[in-house]
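Peer 1:
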Amino acid sequence: MAETRQAETHGFQTEVKQLLHLMIHSLYSNKEIFLRELVSNASDAADKLRFKALSDGSLLADDGELWVRVSADKDAGTITISDNGIGMTREEVMTNLGTIAKSGTADFFSQLSGDQAKDSRLIGQFGVGFYSAFIVADSVTVRTRAAGTSADEGVEWTSRGEGEFDIAVIQKAKRGTDIILHVREDANEFLDEWRLKSIITKYSDHLSIPVQMPKRDDDDKHTGWDSVNSGQALWTRDKSEITDDEYKEFYKTVAHDFDEPLLWSHNKVEGTSEYTSLLYIPKRAPWDLWNRDQQHGIKLYVKRVFIMDDAKQLMPTYLRFVRGLMDSADLPLNVSREILQDNKITRSMRNGSTKKILSMLSKLAKDEPDTYQEFWNTFGTVLKEGPAEDSANQEKIASLLRFASTHEDQREARVSLDAYLERMSEKQDKIYYIVADSYEAARDNPALEIFRQKGIEVLLLSERIDEWLMSHMSEYKEKPFQSVTRGDLDLGELDDAETKQKHEAAEKSFKPQLERFEKALGDQIKTVRVTHRLTQSPACIVTDDNDMSTQMAKLMEAAGQPVPETKYIFEINPEHTLVQRITALTDEQRFAEWAHLLLDQATLAERGSLKDPAQFVTRLNRLMLELTE
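Its first residue numbered 1, the sequence shown is counted upward by one per residue in the UniProt record's numbering.
#1: Could you tell me the distance, in whole angstroms, from the CA atom of K248 to the CA atom of E260?
#2: Which residues bound the beta strand (DSSP E) around H407?
#3: Could you tell me which of A602, L514, G271 sits nearest to T543, measuring between CA atoms?
#4: Does the distance from the CB of Y275 to the CB of A329 come in under 8 Å?
#5: Would you check if the distance between the CB atom of R533 and the CB atom of E593 is smaller than 8 Å?
#6: How many angstroms separate the CA atom of A42 from the CA atom of M88?
#7: Hey, out of L578, T378, R90, I397, whose CA is closest to L469's CA?
#8: Compute the beta-carbon to beta-carbon distance between E37 and H256, rounded to the nearest angstrom, for a pair I have assumed lies under 8 Å.
#9: In the structure shown, what three-state DSSP assignment does D600 receive?
#10: Would you kindly work out how many angstroms separate the C-alpha atoms of G487 and Y433, rounded to a whole number?
#11: Out of R216, A441, L300, H407, state which residue places its alpha-carbon closest to the alpha-carbon of K454.
#12: Can you check whether the CB of R50 is closer than 8 Å to the CB of W225?
#13: Between which two residues does the beta strand (DSSP E) holding V70 run?
#14: How would you label W157, buried or exposed, when you count the other beta carbons within 10 angstroms and need 16 or more for buried?
#15: What does Q589 pair with, by DSSP beta-bridge criteria?
#16: Closest to S438 by C-alpha separation, out of E606, E92, D218, G386, would be which residue?
#17: Starting from V382 and walking both ways along the beta strand (DSSP E), at which residues does that stretch end?
#18: L319 and T346 look like a contact to me (Cβ under 8 Å); what is the Cβ gap, rounded to whole Å?
#19: Decide if Q615 is buried, meaning its Cβ has at least 16 other Cβ atoms within 10 Å, or exposed.
#20: Taking the beta strand (DSSP E) that G487 falls in, what are its first and last residues?
#21: Have a look at D166, D547, T527, Q561 and flag the residue whose alpha-carbon is nearest the alpha-carbon of L599.
#22: With H, G and I counted as helix, E and B as strand and the rest as coil, what does DSSP make of L610?
#23: Three Cβ pairs or more, each shorter than 8 Å: is that satisfied between the segment 510-528 and the segment 559-577?
#24: Kindly give me the distance between the Cβ atoms of I525 and Y568, rounded to whole angstroms, as I take these residues to be in contact under 8 Å.
#25: Classify M470 as helix, strand or coil using the three-state DSSP reduction.
#26: Go to residue 631, then tell me how far its alpha helix (DSSP H) extends in each direction, as first and last residue.
#27: For the putative contact between N229 and T201, defined by C-beta atoms under 8 Å, what is the C-beta separation to the nearest angstrom?
#28: Quickly, what does DSSP pair R145 with across the bridge? List them, please.
#29: Go ahead and pull the three-state DSSP assignment for V136.
#30: How many Å lie between D62 and G148 at the Cα?
#31: Would you say I180 and E8 are within 8 Å of each other, going by their C-beta atoms?
#32: Have a look at E588 and I582 and give me their C-alpha separation to the nearest angstrom.
#33: Measure the C-alpha to C-alpha separation of S55 and R304 and round it to an integer number of angstroms.
#34: Is it buried or exposed for S391, if we count other Cβ within 10 angstroms and need 16 for buried?
#35: Residues in its own chain within less than 7 Å of V136 by CB, not counting five upstream and five downstream?
#36: Compare the Cα-Cα distances from L400 to each of D409, F379, R411, Q410 and report the closest residue.
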């Protein structure tokens with residue numbers, strides 16, 4: 001019995017309490033995954049030690065053969081998963097087992113629905129494999145000692161998963177970690193070692209670290225240890241020898257996901273650099289998808305030796321949802337993050353993997369558009385980061401983007417740029433779009449009136465990232481993008497000669513009224529002009545080509561950045577009845593009141609807010625009272 005001292009009791013972090021309650025009180029249809037998760041964690045601990053030992057051989061001491069061991073004791077009702085890997089210090093135990101030391105926990109728990117199947121998938125996406133022990137155990141004991149520390153620096157962690165855990169310093173002769181599960185009665189099937197062996201063979205056969213189970217004689221006495229996994233890394237095998245089921249099961253292990261992947265690609269690259277990649281696209285978003293600074297899902301191996309979990313240098317940030325691994329035959333075994341940051345081999349691997357993922361998505365979009373739409377609904381917002389980050393692949397990424405449009409009566413983004421180009425008339429030379437706060441605001445913006453009248457399709461963009469996206473895409477297949485709320489509207493050949501003559505005549509005849517509006521509004525606007533956009537609304541505001549757009553200003557404000565004041569161009573529709581009645585007023589004070597009201601209305605339609613809404617309400621009430629007198 002290990003001698004314990006300095007025992008302490010601590011409460012779990014709130015999020016851990018919620019997670020444990022979910023584990024303990026829900027009966028998952030796939031309980032066996034607890035063993036996959038714990039064996040995977042143990043294998044990772046061994047891999048990490050093997051990597052650290054490359055620079056500090058003393059960490060291995062006299063125990064250089066790394067292993068994971070699984071055993072069951074029916075009499076005691078326990079399952080033990082042990083490893084002689086990196087181990088943990090007391091501080092690491094507190095951090096790793098007492099808290100979920102990751103951002104996004106609130107978002108994770110807000111998604112829990114009480115539906116067992118859905119919630120179990122979320123747990124897999126969240127990556128909290130250790131806590132899956134409580135699916136089958138009513139209490140768990142962890143005994144661990146970090147590599148390179150002395151025997152009296154061992155740590156014991158125990159909990160019944162009821163809101164508290166005990167932690168104590170113990171004597172532990174060997175480095176590594178032992179996890180002892182005290183199995184609940186309804187999970188007694190897992191006390192059978194043959195059952196455990198079948199689970200290991202199913203989920204962990206590929207692990208390069210030997211997973212061992214007790215060797216027994218005819219009298220069922222423990223006589224040693226046998227490896228039960230083949231130990232051949234799946235990605236090193238020939239693709240023709242690997243079944244789809246094996247690829248799917250490997251994904252669940254490497255991604256800690258309960259769902260099957262959407263698609264995958266297994267490639268061996270030879271030439272200037274030699275590496276193997278096995279890349280997966282998930283069906284559902286990882287819990288931390290929206291955190292650009294969170295670890296990525298690509299594991300790096302060098303000659304099958306595990307190097308690191310989150311090799312950000314191997315996959316661009318806009319593809320951070322990709323899971324899998326890359327195994328290089330060229331990188332040195334002592335590779336560090338600093339070397340990875342500027343290395344022609346890693347650049348080659350990154351470029352190759354990026355092109356492979358984009359090619360996979362292009363094929364999916366072409367062959368299975370409905371499935372691609374499901375992918376887009378999940379990951380489209382992240383993919384929109386691509387054109388700004390990856391200029392070399394900008395057009396390929398742009399072809400994968402999907403948009404709502406005035407030709408589709410639904411808010412879902414379904415229109416590709418290629419489909420838009422195919423529907424363009426021969427005379428149209430631009431790709432028109434609008435960015436607004438919501439789909440409804442984009443769809444109903446007055447600036448679209450002339451485009452609807454002429455049957456010109458406009459892309460409707462309504463996500464926060466869209467203005468940033470369009471600021472980095474100037475054209476697609478030699479067709480420039482044009483915002484319908486920026487600059488002077490020029491429809492080129494889409495306007496016939498008669499229409500152009502009509503516009504010119506309106507501008508000339510309405511010039512005195514434009515001067516009245518400019519005088520009344522003063523420095524609130526940049527200029528006033530006759531509109532060519534409106535057919536049903538009296539007025540609108542637009543941004544000059546050289547000024548910051550409304551949506552970009554909102555983005556900067558939300559980020560706490562200083563925003564230069566933008567004065568809008570005020571466009572008037574002289575054919576609108578309201579405008580004609582206002583311009584017929586001879587009282588310049590009343591004219592100014594109505595001019596300000598028109599400007600506020602146009603500003604509200606474009607920005608969704610006013611600097612001084614109280615003044616707008618006061619003016620509106622005053623003018624309504626005049627009408628009722």
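Positions of the beta carbon are idealized from the N, C-alpha and C atoms, including for glycine.
Peer 2: Put simply:
#1: 6 Å
#2: First-last for H407: undefined, no H or E at that position.
#3: A602
#4: yes
#5: no
#6: 12 Å
#7: I397
#8: 7 Å
#9: helix
#10: 13 Å
#11: H407
#12: no
#13: 68-73
#14: buried
#15: None; Q589 has no bridge partner.
#16: E606
#17: Careful: V382 lies outside any beta strand (DSSP E), inside the alpha helix (DSSP H) at 369-383.
#18: Actually they are not in contact, since the Cβ atoms of L319 and T346 sit about 15 Å apart, beyond 8 Å.
#19: exposed
#20: That residue, G487, is in no beta strand (DSSP E); it is neither H nor E in DSSP.
#21: T527
#22: coil
#23: yes
#24: 6 Å
#25: helix
#26: Because the chain in this structure spans residues 1 to 629, residue 631 falls outside the shown range and cannot be described.
#27: 7 Å
#28: G176
#29: coil
#30: 12 Å
#31: no
#32: 10 Å
#33: 17 Å
#34: exposed
#35: K31, F34, L181, V183, R184, A187, F190
#36: F379
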